[in-house]
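A.B. asks: Handing you this structure, nothing more for now.
Number of protein chains: 2
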Amino acid sequence: MSTFRISYELNTDSAKEVAEAIRVEQTIEFPIELAPTWIQNEVVGQVVNLNSLANNRSLLEIDYNVGITGNELPQLLNVLWGNVSMFPDVRVVDIELEQDQLAVFKGPRFGISGLREYFGIKNRPILATALKPMGLSAKEMAQIAVVMVEAGIDLIKDDHSLANQPWALWEDRVKIIASAVNEANEKFGTKSVYAPSVNLPADQIIDSAIRAAQLGSGALMVLPGVSGFDTMRAIADNDEIALPIMSHPSMLGSHFMSKNHGINHEIVLATLMRLAGADISVFPNYGGRFSFSKDECTKIADTCRSQLGEIKTIWPSPGGGMTIERISEIINFFGNDTVFLIGGALHRGNLLENAKSLRNIVDKIEG
Amino acid sequence: MSTFRISYELNTDSAKEVAEAIRVEQTIEFPIELAPTWIQNEVVGQVVNLNSLANNRSLLEIDYNVGITGNELPQLLNVLWGNVSMFPDVRVVDIELEQDQLAVFKGPRFGISGLREYFGIKNRPILATALKPMGLSAKEMAQIAVVMVEAGIDLIKDDHSLANQPWALWEDRVKIIASAVNEANEKFGTKSVYAPSVNLPADQIIDSAIRAAQLGSGALMVLPGVSGFDTMRAIADNDEIALPIMSHPSMLGSHFMSKNHGINHEIVLATLMRLAGADISVFPNYGGRFSFSKDECTKIADTCRSQLGEIKTIWPSPGGGMTIERISEIINFFGNDTVFLIGGALHRGNLLENAKSLRNIVDKIEG
Numbered sequence: 001m002s003t004f005r006i007s008y009e010l011n012t013d014s015a016k017e018v019a020e021a022i023r024v025e026q027t028i029e030f031p032i033e034l035a036p037t038w039i040q041n042e043v044v045g046q047v048v049n050l051n052s053l054a055n056n057r058s059l060l061e062i063d064y065n066v067g068i069t070g071n072e073l074p075q076l077l078n079v080l081w082g083n084v085s086m087f088p089d090v091r092v093v094d095i096e097l098e099q100d101q102l103a104v105f106k107g108p109r110f111g112i113s114g115l116r117e118y119f120g121i122k123n124r125p126i127l128a129t130a131l132k133p134m135g136l137s138a139k140e141m142a143q144i145a146v147v148m149v150e151a152g153i154d155l156i157k158d159d160h161s162l163a164n165q166p167w168a169l170w171e172d173r174v175k176i177i178a179s180a181v182n183e184a185n186e187k188f189g190t191k192s193v194y195a196p197s198v199n200l201p202a203d204q205i206i207d208s209a210i211r212a213a214q215l216g217s218g219a220l221m222v223l224p225g226v227s228g229f230d231t232m233r234a235i236a237d238n239d240e241i242a243l244p245i246m247s248h249p250s251m252l253g254s255h256f257m258s259k260n261h262g263i264n265h266e267i268v269l270a271t272l273m274r275l276a277g278a279d280i281s282v283f284p285n286y287g288g289r290f291s292f293s294k295d296e297c298t299k300i301a302d303t304c305r306s307q308l309g310e311i312k313t314i315w316p317s318p319g320g321g322m323t324i325e326r327i328s329e330i331i332n333f334f335g336n337d338t339v340f341l342i343g344g345a346l347h348r349g350n351l352l353e354n355a356k357s358l359r360n361i362v363d364k365i366e367g
Numbered sequence: 001m002s003t004f005r006i007s008y009e010l011n012t013d014s015a016k017e018v019a020e021a022i023r024v025e026q027t028i029e030f031p032i033e034l035a036p037t038w039i040q041n042e043v044v045g046q047v048v049n050l051n052s053l054a055n056n057r058s059l060l061e062i063d064y065n066v067g068i069t070g071n072e073l074p075q076l077l078n079v080l081w082g083n084v085s086m087f088p089d090v091r092v093v094d095i096e097l098e099q100d101q102l103a104v105f106k107g108p109r110f111g112i113s114g115l116r117e118y119f120g121i122k123n124r125p126i127l128a129t130a131l132k133p134m135g136l137s138a139k140e141m142a143q144i145a146v147v148m149v150e151a152g153i154d155l156i157k158d159d160h161s162l163a164n165q166p167w168a169l170w171e172d173r174v175k176i177i178a179s180a181v182n183e184a185n186e187k188f189g190t191k192s193v194y195a196p197s198v199n200l201p202a203d204q205i206i207d208s209a210i211r212a213a214q215l216g217s218g219a220l221m222v223l224p225g226v227s228g229f230d231t232m233r234a235i236a237d238n239d240e241i242a243l244p245i246m247s248h249p250s251m252l253g254s255h256f257m258s259k260n261h262g263i264n265h266e267i268v269l270a271t272l273m274r275l276a277g278a279d280i281s282v283f284p285n286y287g288g289r290f291s292f293s294k295d296e297c298t299k300i301a302d303t304c305r306s307q308l309g310e311i312k313t314i315w316p317s318p319g320g321g322m323t324i325e326r327i328s329e330i331i332n333f334f335g336n337d338t339v340f341l342i343g344g345a346l347h348r349g350n351l352l353e354n355a356k357s358l359r360n361i362v363d364k365i366e367g
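So the protein sequences, as listed, match chains A and B. Sequential numbering from 1 applies to the first sequence in this note's numbering. Sequential numbering from 1 applies to the second sequence in this note's numbering.
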């Protein structure tokens with residue numbers, strides 16, 4: 001019987017009872033003594049470690065039969081954090097999947113080396129920006145996009161909130177901006193890529209992603225916290241789409257913002273993103289307008305780039321309140337296999353000059 | 001300009017700064033002073049109230065332009081709890097949608113009165129149970145289902161964790177159990193309904209729901225925390241499926257388990273469920289193996305049944321550690337427009353007798 005392991009940190013006086021509850025709750029949800037013996041032994045999770053830590057905490061490790069996930073991402077998520085999400089004071093701190101189980105997931109189509117090839121960039125970080133603010137027309141956003149192309153920004157994405165607002169309906173917007181970016185590439189001899197947000201209804205999202213590819217988009221932005229992780233996986237696996245995917249953490253904060261509850265930042269923003277096919281994982285940088293620590297950012301970046309079976313390594317993408325002044329410090333911190341996402345700050349002063357100065361900084365790395 | 005209101009409870013010394021940050025973050029994500037004036041006034045959210053409460057808390061009310069949601073559920077979710085999910089110490093405590101905005105959502109197909117008609121039940125609560133434990137074959141689960149039909153349990157659902165496990169693959173399972181339930185209905189003159197869990201890959205879920213209907217299922221169980229709220233909405237709206245939907249709270253605990261962060265229980269488990277088309281919303285009952293309070297349960301049940309534009313009222317379904325001994329107390333607490341979900345406890349002793357005694361209790365209410 002193949003097993004995989006989930007590790008939990010508990011913050012309770014009754015660690016043993018909670019451990020028993022979790023291993024049953026995440027599998028059979030049934031009075032364990034009433035289940036057939038083979039199910040008690042093989043289907044219910046088995047506690048392999050329960051160690052006391054400081055401050056009333058315990059580390060719990062449970063091994064689960066690989067079979068309970070049925071080799072599908074939705075049920076893997078359900079085992080990881082289904083009913084236990086409603087237990088107080090439980091946090092998932094690690095997940096170690098088994099090799100055959102990992103082999104089920106295609107993961108990202110491009111990953112770190114695939115995107116270097118796609119963009120023709122050898123050594124330097126990738127530069128990304130977002131088209132803002134909501135309320136602009138598609139043409140106004142296209143004008144901003146063209147400036148970004150001229151400056152040599154590699155990846156120009158929709159603000160993740162752009163959907164079907166009346167000021168710039170999705171299909172019009174994608175058509176106009178994708179054309180503008182592609183024409184500007186010809187004019188300036190650049191290779192910039194436009195990534196529309198597919199923040200769209202569930203029954204349209206795959207077709208819309210295909211349409212985005214047909215309209216000349218070079219990548220996609222997906223919101224797995226809104227659309228579902230497995231929806232992102234389905235987009236990544238679809239050969240008619242075949243575009244790099246940048247994932248956005250919208251709505252996912254609930255999973256990691258509480259110290260004593262939830263799932264560790266790096267599991268949500270790196271491990272799950274890789275399983276679900278993101279090539280680039282956007283998350284809030286330390287020192288910006290969100291509250292991530294340097295340590296949390298390091299763990300996310302490391303987990304994006306660490307081994308996970310045959311699943312490709314991916315690009316961490318710190319963003320949120322990034323500024324040009326901080327870029328050198330941030331490159332030193334995250335290293336070159338990073339997508340730096342700078343949005344609003346580029347608009348303070350001259351947009352073209354600001355974006356060009358950003359590109360100049362990373363060109364020194366490219367050599 | 002039509003607006004809708006989101007109310008937040010903040011737990012911070014800097015309520016004014018946080019209020020400013022939220023109204024911008026949830027809309028334009030852009031330095032507000034750099035945005036065109038009309039966008040500052042019409043696209044950015046407007047703080048209409050910010051009042052100090054006890055214990056360092058504040059109540060913040062922001063009015064947002066209806067246009068920013070583009071009349072689609074994913075972007076409404078993104079405005080409700082997208083980036084702000086990564087702000088500490090913010091909890092959404094109310095959402096008041098505008099009438100035309102509500103009219104965009106079809107909501108549940110059946111609702112309270114529709115399901116009474118569907119089941120032929122005038123006054124009494126609906127009884128539901130779950131097929132468990134995982135590890136049983138489809139035939140073994142079908143045998144349990146037949147006992148439940150004989151006892152007169154109305155709704156027999158898959159355990160929400162059942163997916164494509166090797167012991168009972170999805171399509172086989174649905175075929176065998178749906179047939180068994182329908183044959184048993186003929187034999188016993190009953191009207192029980194089987195609800196398979198469509199805890200399945202995103203690119204198969206709609207087709208599988210259609211297949212479940214074709215195979216004779218009478219309802220569906222959907223996990224919006226795993227599959228996405230808008231996926232449930234798409235299933236509910238699909239006329240080829242046209243079955244009642246029971247929603248399960250798997251993974252959603254992250255949104256409401258932290259006192260100072262997240263979204264109120266009743267917004268997640270009642271308002272969003274209604275917008276996304278659930279007819280029945282399952283949630284953990286007070287006093288069971290989860291940690292919901294009586295007050296939280298009351299708010300969920302009330303919000304399932306309160307007015308929300310033209311969107312139908314729905315059935316609250318307390319479950320999780322329910323027992324036969326508690327059923328009368330729980331009926332008194334929740335009232336008759338409730339689906340009582342009892343799973344494992346029915347298996348202590350004689351399954352048929354236990355289930356019959358449950359039915360006897362509610363038959364007295366039906367009269």
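All C-beta atoms, glycine included, are put in the ideal place defined by N, C-alpha and C. For clarity, every value in this text was computed on a predicted model and none was experimentally measured.
1. Can you find a CB in chain A that lies within less than 8 Å of the CB of Pro249/B?
2. Let me check understanding here. Comparing Cα to Cα, which of Arg211/B, Ile314/B, Glu33/B, Asp13/B lies closest to Lys175/B?
3. Is it true that the stretch 72–91 of chain B meets the stretch 216–232 of chain B, where meeting means three or more beta-carbon pairs spaced less than 8 Å apart?
4. From the beta carbon of Gln165/A, is the nearest beta carbon of chain B less than 8 Å away?
5. Give a yes or no on whether the minimum CB-CB distance between Gln415/B and chain A is below 8 Å.
6. Please work out which residues of its chain come closer than 6 Å, Cβ to Cβ, to Leu351/B, disregarding the five sequence neighbours upstream and downstream, and give them in chain order.
7. Using only the alpha-carbon positions, how far apart do Pro224/A and Gly309/A sit?
8. For Trp315/A, go through chain B and note every residue whose CB falls closer than 7 Å to its CB, in chain order.
9. Tell me, please, whether the CB atom of Asn199/A is closer than 8 Å to any CB atom in chain B?
10. DSSP on Asp237/B, reduced to helix/strand/coil?
11. Go ahead and label Leu60/A buried or exposed: buried means 16 or more other beta carbons lie within 10 angstroms of its beta carbon, across all protein chains shown.
12. Does chain B have any CB closer than 8 Å to the CB of Ala301/A?
13. At least one CB of chain B closer than 8 Å to the CB of Asn380/A: is that the case?
14. Taking 8 Å as the cut-off, decide whether the C-beta atoms of Asn83/A and Glu42/A are in contact.
15. So is Thr27/B in contact with chain A if we call contact Cβ pairs under 8 Å?
16. Name the two residues that bound the continuous beta strand (DSSP E) containing Arg23/B.
17. Leu272/B to Asn78/A, Cα distance in whole Å?
18. If we call anything under 8 Å between Cβ atoms a contact, is Ile314/A one with Ile126/A?
19. With 8 Å set as the bound, which would you pick, yes or no: does the beta-carbon of Pro284/A sit closer than that to a beta-carbon of chain B?
20. Would you say Pro125/B lies against chain A (beta-carbon separation less than 8 Å)?
21. Return the chain-ordered list of same chain residues with a C-beta closer than 7 Å to the C-beta of His160/A, the five sequence neighbours on each side being excluded.
22. Who are the neighbours of Val405/B on chain A, taking C-beta pairs under 7 Å?
23. Just confirm the distance between the C-beta atoms of Arg91/A and Gly277/A, as a whole number of angstroms; I'd bet it's less than 8 Å.
24. Using a Cβ cut-off of 8 Å (strictly closer), state whether Ile241/B contacts chain A.
25. Comparing C-alpha positions only, which one of Asn332/B, Arg57/B, Lys187/B, Arg326/B sits nearest to Leu346/B?
26. Along the stretch 49–78 of chain B, what residues have a CB closer than 8 Å to any CB found in chain A?
27. I need the straight-line Cα distance from Ile95/A to Gln143/A, nearest angstrom please.
28. With a 10 Å radius around its C-beta and 16 neighbouring C-beta atoms as the bar for buried, classify Asp295/A as buried or exposed.
29. Are the C-beta of Leu231/A and some C-beta of chain B separated by less than 8 Å?
30. Any chance the stretch 253–267 of chain A sits against the stretch 250–259 of chain B, with 3 or more Cβ pairs inside 8 Å?
31. Helix, strand or coil for Ala242/B per DSSP?
32. Can you pull the chain A neighbours of Gly262/B, defined as C-beta to C-beta under 7 Å?
33. Restricting to Cα atoms, I'd like to know which of Leu275/B, Ser217/B, Gln214/B, Gly253/B is closest to Asp237/B.
34. By alpha-carbon positions, which one of Arg109/B, Glu9/B, Phe119/B ends up nearest to Val339/B?
35. For the alpha helix (DSSP H) that Tyr118/A lies in, which residues bound it at each end?
36. Name the two residues that bound the continuous alpha helix (DSSP H) containing Thr190/B.
C.D. replies: According to the data block:
1. yes
2. Arg211/B
3. yes
4. yes
5. Past the edges of chain B, shown from 1 to 367, lies residue 415/B, and the structure says nothing about it.
6. Val147
7. 22 Å
8. What Trp315/A touches in chain B: nothing, since even the nearest Cβ is about 20 Å away.
9. yes
10. helix
11. buried
12. no
13. Beyond the ends of chain A as shown, which are 1 and 367, falls residue 380/A; an answer cannot be given.
14. no
15. yes
16. Premise fails: Arg23/B lies in the alpha helix (DSSP H), 15–25, not in any beta strand (DSSP E).
17. 20 Å
18. no
19. yes
20. no
21. Ser197, Asn199, Met221, Leu223, His248, Ser250
22. This structure cannot settle anything about residue 405/B, because the visible part of chain B is limited to 1 through 367.
23. Actually they are not in contact, since the Cβ atoms of Arg91/A and Gly277/A sit about 25 Å apart, beyond 8 Å.
24. no
25. Arg326/B
26. Gly67, Ile68, Thr69, Gly70, Asn71, Glu72, Leu73, Pro74, Gln75, Leu77, Asn78
27. 45 Å
28. exposed
29. Strictly speaking, residue 231/A in this sequence is Thr, with Leu absent from that position. Answer yes: the Cβ-Cβ gap between Thr231/A and chain B drops below 8 Å somewhere.
30. yes
31. coil
32. Ser254
33. Leu275/B
34. Phe119/B
35. 111–119
36. Thr190/B -> no alpha helix (DSSP H), and no H or E assigned at all.
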